[in-house]
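**Q** The opening residue of the sequence shown carries number 12 in the numbering used here; numbering runs sequentially from there.
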Amino acid sequence: MEKFIDHCCEKCTHTKETPCKDFIRCCVEGPICHEDPACVAKRKAIIEKVAINDQFVIC
12 MEKFIDHCCE KCTHTKETPC KDFIRCCVEG PICHEDPACV AKRKAIIEKV AINDQFVIC
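1) Does phenylalanine 15 come out as helix, strand or coil in the three-state DSSP assignment?
2) Measure the CB-CB distance between cysteine 31 and cysteine 20 and report whether it falls below 8 Å.
3) Can you check whether the CB of cysteine 37 is closer than 8 Å to the CB of histidine 25?
4) Give the straight-line distance between the Cα atoms of arginine 54 and threonine 29, rounded to the nearest whole angstrom.
5) Using only alpha-carbon positions, find the residue among Val51, Ile58, Pro42 and Phe15 that is nearest to cysteine 23.
6) Over the uninterrupted alpha helix (DSSP H) stretch that includes proline 48, give me the two end residues.
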């Protein structure tokens, strides 16, 4: 997974045909369609990658 729009794993339900209704929340808190610590870590890694400075805050 390199981007938020990518599936985090086979359990992810977000697709073009079935988009996640809580996509933004899923990107910053998720995944929300299933529980998996590895997937949470993948999301956090992307957030750290795009966080340009210490002022980047997810509310």
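Heads up, the beta-carbon is just placed ideally off N, CA and C, and yes, glycines get one too.
**A** The structure says:
1) coil
2) no
3) yes
4) 20 Å
5) Pro42
6) 48-61
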